[in-house]
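J.: The numbering of the sequence shown is this note's numbering, which starts it at 4 and goes up by one.
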Amino acid sequence: MKFKQKTFIVTIAIAIVVSAVVVFLVMKNNNSSQGKLLQIMSDNVDLQVKNVNYTDVGDSGLKWEVKADSANYIKSENIAILDKIRVKLVMSDGKILMMTGDKGKLHTDTKDMEISGNVEIISDKGDRLTTDVLKYSDSERRIYTEEAVKMENARMQVRGVGMSFSLVDKDVTLLSKVKANIR
4 MKFKQKTFIV TIAIAIVVSA VVVFLVMKNN NSSQGKLLQI MSDNVDLQVK NVNYTDVGDS
64 GLKWEVKADS ANYIKSENIA ILDKIRVKLV MSDGKILMMT GDKGKLHTDT KDMEISGNVE
124 IISDKGDRLT TDVLKYSDSE RRIYTEEAVK MENARMQVRG VGMSFSLVDK DVTLLSKVKA
184 NIR
């Protein structure tokens with residue numbers, strides 16, 4: 004055999020071996036990362052989504068815009084677990100409430116919702132409410148909590164334990180231990 008033919012055959016053989024090693028390493032790396040992904044997701048989660056954006060316009064004229072960094076949907080329980088939740092509620096009269104919290108739970112069958120961890124509601128007029136847990140009942144069209152709340156605006160600060168806000172009547176009721184500071 005001529006020297007050029009031998010060099011060509013050796014070069015092809017080396018290229019085939021290198022290609023086989025690269026393919027083997029890539030396949031091995033893909034298999035190990037799939038195993039890690041499966042370990043991260045819980046067995047009972049049916050769907051996991053990042054950068055969630057959900058809009059719902061109800062019969063009552065309420066418009067909900069729910070955003071979250073991530074969500075896990077558990078179909079058997081009809082629940083979406085939301086992380087770093089932000090909710091924009093546009094009421095039938097056009098007033099807007101912005102609600103935020105660390106975690107959220109949306110019952111997809113009833114449209115009831117719970118927000119927990121550093122919960123804050125800010126109205127389009129600048130009124131602010133803070134609490135640890137906030138719940139929404141779709142059937143009652145009511146936002147409520149049993150936890151301590153602080154409501155404030157430029158003119159006053161009101162604290163209490165337990166709160167109910169009817170989205171129909173626009174009535175806010177603090178349930179107990181109410182203290183007010185008028186500025």
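Even for Gly, the Cβ is constructed at its ideal location relative to N, Cα and C.
These numbers were taken from a predicted model, which means no experiment stands behind them.
Starting from the C-beta of residue 156, find all residues in its chain whose C-beta is less than 8 Å away, skip the five residues before and the five after it, and write them out in chain order.
T.: Taken in chain order, the residues that qualify are 128, 129, 130 and 131.
J.: Just to confirm my understanding: we take residue 149, look at its own chain, exclude 5 residues before and 5 after, and list those with CB closer than 6 Å. What are they?
T.: 165, listed in sequence order.
J.: Under 9 Å, do residue 107 and residue 125 count as touching if we go by C-beta distance?
T.: Taking 9 Å as the Cβ cut-off, residue 107 and residue 125 do not qualify as a contacting pair.
J.: Select from 99, 186 and 162 the residue whose C-alpha is nearest the C-alpha of residue 177.
T.: Of the candidates 99, 186 and 162, the one whose C-alpha sits nearest the C-alpha of residue 177 is 162.
J.: Assign residue 183 to buried or exposed, taking buried as 16 or more other Cβ atoms, counted over all protein chains shown, within 10 Å of its Cβ.
T.: By the 10 Å Cβ count, residue 183 comes out exposed.
J.: Would you kindly work out how many angstroms separate the C-alpha atoms of residue 116 and residue 169, rounded to a whole number?
T.: When rounded, the distance between both Cα atoms is 15 Å.
J.: Do residue 135 and residue 121 have their beta-carbon atoms positioned less than 9 Å apart in this structure?
T.: Yes, they are a contact pair.
J.: Under the assumption that residue 49 contacts residue 71 (Cβ atoms under 8 Å), give the Cβ distance between them as a whole number of angstroms.
T.: 17 Å between Cβ atoms; not a contact.
J.: For residue 154, is the classification buried or exposed, using 16 other Cβ atoms within 10 angstroms of its Cβ as the cut-off for buried?
T.: So residue 154 ends up on the buried side.
J.: If I'm right that residue 65 touches residue 94 with Cβ under 8 Å, what's the distance once you round it to whole angstroms?
T.: Indeed they touch by this definition, with Cβ atoms about 6 Å apart.
J.: Using the C-alpha atoms, what's the distance from residue 151 back to residue 171?
T.: Looking at the two C-alpha atoms, the distance is approximately 23 Å.
J.: Residues in the same chain with beta-carbon distance under 6 Å from residue 73, minus the five sequence neighbours each way, listed in chain order, please.
T.: So the qualifying residues of the chain are 53 and 86.
J.: For residue 59, list the residues DSSP reports as bridge partners.
T.: Answer is 67, bridged to residue 59.
J.: Expressed to the nearest angstrom, what Euclidean distance is found between the alpha-carbon atoms of residue 58 and residue 100?
T.: The alpha-carbon atoms of residue 58 and residue 100 are separated by roughly 15 Å.
J.: In whole angstroms, what separates the C-alpha of residue 38 from that of residue 84?
T.: With a pLDDT of only 48 at residue 38, under 50, the local geometry of the prediction cannot be trusted, and the value read off the model is given with reservation. Answer to the nearest angstrom: the Cα atoms are 23 Å apart.
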